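Residue numbers (the numbering used here): 111 to 442.
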């Protein structure tokens with residue numbers, strides 16, 4: 111895994127959380143596990159550290175990381191049966207043509223150029239995976255591709271069947287414009303519902319301005335309540351309380367882990383029909399897909415028709431960490 115954020119992450123870091131979870135699941139399934147990741151990483155198994163926990167590190171630092179990953183993988187090329195890469199595709203170059211099974215996993219839109227370059231080199235036992243059919247479609251230009259969904263540890267989330275009539279709505283995610291927080295606020299105001307907002311503030315100039323100018327002035331600690339960045343315990347606490355999770359994305363989200371986290375608590379999801387949403391949200395079963403703010407407002411009034419037990423059961427049969435870890439191992 112790329113350095114930059116430790117494994118597992120203290121707060122946000124979806125890919126980093128997945129790496130920790132799958133490493134621990136592989137160990138529980140009886141496999142020896144070795145992790146190459148940034149400082150302060152911790153799994154059940156062997157950890158090898160490289161790079162630094164700094165998302166703003168420069169190109170030179172990333173080049174040094176690449177060289178170290180090449181050295182580590184080439185030196186250990188005969189020691190592993192499966193090499194599961196959640197980091198840069200270029201890490202695999204020295205061992206592309208070795209005996210070990212190689213899984214290259216993507217969690218965001220893929221640049222086909224890199225796939226074409228790597229696939230043109232001598233290689234064997236290389237499988238590309240992505241976290242949804244939508245995500246696979248962005249990179250499936252050559253090679254062997256499989257959809258393997260993201261997962262969560264359902265033991266960390268508790269089903270809540272006793273939601274109050276005046277329970278709030280919730281938005282959880284990075285507070286970027288493409289995540290649609292402003293739309294969630296409009297829906298809450300139109301439906302006269304409280305809205306809990308959990309998420310980290312982006313520090314890119316455009317999204318920082320978006321937060322300060324459009325979002326922050328609407329936080330009143332009464333109806334529109336900003337909770338700050340949430341850890342796993344906080345997410346379980348607040349997602350369980352909510353009537354529904356609003357997911358009004360303005361981009362093609364490759365997966366959207368928060369939807370499954372909400373479902374693990376029995377909380378249905380009302381989401382814009384973009385990216386991987388059609389692969390996760392089933393109308394009238396675990397929430398509603400919609401194409402406009404007007405539809406989202408309408409579905410808020412219907413959310414009590416959803417069976418919260420059914421919401422969790424459906425999600426657990428498709429997105430549990432044990433199930434998805436086994437799917438990865440079957441690709442070797």
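The beta carbon of each residue, even a glycine, is placed where N, CA and C say it ideally should be.
These numbers were taken from a predicted model, which means no experiment stands behind them.
Practice item. Take the Cβ of residue 185 as the centre, count every other Cβ of all protein chains shown within 10 Å, and call the residue buried at 16 or more, exposed below. Key: exposed
Practice item. On a CA-only basis, which of 139, 142, 143 and 152 is nearest residue 113? Give me that one, please. Key: 152
Review point. First and last residue of the beta strand (DSSP E) that includes residue 255?
Key: 254–257
Point to revise | For residue 440, three-class secondary structure by DSSP | key: coil
Review point. On the three-state DSSP scale, how would you describe residue 194?
Key: strand
Check your understanding: Between the C-alpha atoms of residue 331 and residue 277, what's the straight-line distance to the nearest angstrom?
Key -> 15 Å
Practice item. Could you tell me how far apart the beta carbons of residue 238 and residue 371 are, in whole angstroms, since I believe they sit closer than 8 Å? Key: Actually they do not touch by this definition, with Cβ atoms about 26 Å apart.
Review point. Are the Cβ atoms of residue 329 and residue 320 separated by less than 7 Å?
Key: no
Practice item. Decide if the stretch 403–412 is in contact with the stretch 284–303; the criterion is three or more beta carbon pairs, one per stretch, under 8 Å apart. Key: yes
Practice item. Look at residue 258 and residue 438 and say whether their C-beta atoms are less than 7 Å apart. Key: yes
Review point. Using the C-alpha atoms, what's the distance from residue 244 back to residue 338?
Key: 30 Å
Practice item. Go through its chain and collect everything with a Cβ distance to residue 368's Cβ below 6 Å, but skip five positions before and after it. Key: 282 and 283
Exercise for review: Could you spell out the range, first to last residue, of the beta strand (DSSP E) harbouring residue 399?
Suggested key: 397–400
Review point. With a Cβ-Cβ cutoff of 7 Å, do residue 354 and residue 413 count as a contact?
Key: yes
Check your understanding: From residue 393 to residue 378, what distance separates their C-alpha atoms?
Key -> 10 Å
Exercise for review: Compute the distance between the beta-carbons of residue 340 and residue 375, then report whether it is under 7 Å.
Suggested key: no
Point to revise | With 16 other Cβ atoms within 10 Å as the buried cut-off, status of residue 140 | key: exposed
Check your understanding: If we ignore side chains and look at the alpha-carbon of each, how far apart do residue 391 and residue 228 end up?
Key -> 34 Å
Point to revise | Neighbour flag for residue 426 against chain C, beta carbons, 7 Å | key: As a matter of chain content, chain C is missing from the structure shown, which is built from one protein chain.
Exercise for review: Output the residue ranges of the alpha helix (DSSP H) runs that lie fully inside the stretch 209–251 and measure 4 residues or longer, sorted by chain position.
Suggested key: 222–230 and 243–247
**Study point:** Under the three-state DSSP convention, the category residue 175 falls into
**Key:** helix
Exercise for review: To the nearest angstrom, report how far apart residue 233 and residue 183 are at their CA atoms.
Suggested key: 15 Å
Review point. Straight-line CA distance for residue 200 to residue 432?
Key: 28 Å
Check your understanding: Who are the Cβ neighbours of residue 154 in its own chain at under 8 Å, not counting the five residues just before and after it?
Key -> 133, 134, 137, 138 and 143
Practice item. With a 10 Å radius around its C-beta and 16 neighbouring C-beta atoms as the bar for buried, classify residue 291 as buried or exposed. Key: buried
Check your understanding: residue 415: which of 429, 400, 396 and 402 sits nearest, CA to CA?
Key -> 396
**Study point:** residue 283, enclosing alpha helix (DSSP H) - first and last residue
**Key:** Premise fails: residue 283 is in no alpha helix (DSSP H) and is neither H nor E.
Practice item. Could you check which residue in 411, 252, 288 and 169 has the C-alpha nearest to that of residue 364? Key: 288
Review point. Which word fits residue 62, buried or exposed, when buried means at least 16 other C-beta atoms lie within 10 angstroms of its C-beta?
Key: Outside the displayed range of the chain (111 to 442) lies residue 62, so it cannot be described from this structure.
Check your understanding: Leaving out five residues before and five after residue 197 in sequence, what residues of the same chain have Cβ atoms less than 7 Å from its Cβ?
Key -> 111 and 112
Review point. For residue 263 versus residue 373, is the C-beta distance shorter than 7 Å?
Key: no
Check your understanding: Which word fits residue 434, buried or exposed, when buried means at least 16 other C-beta atoms lie within 10 angstroms of its C-beta?
Key -> buried
Check your understanding: What is the DSSP secondary structure of residue 202, counted as helix, strand or coil?
Key -> helix
Review point. For residue 251, is the classification buried or exposed, using 16 other Cβ atoms within 10 angstroms of its Cβ as the cut-off for buried?
Key: exposed
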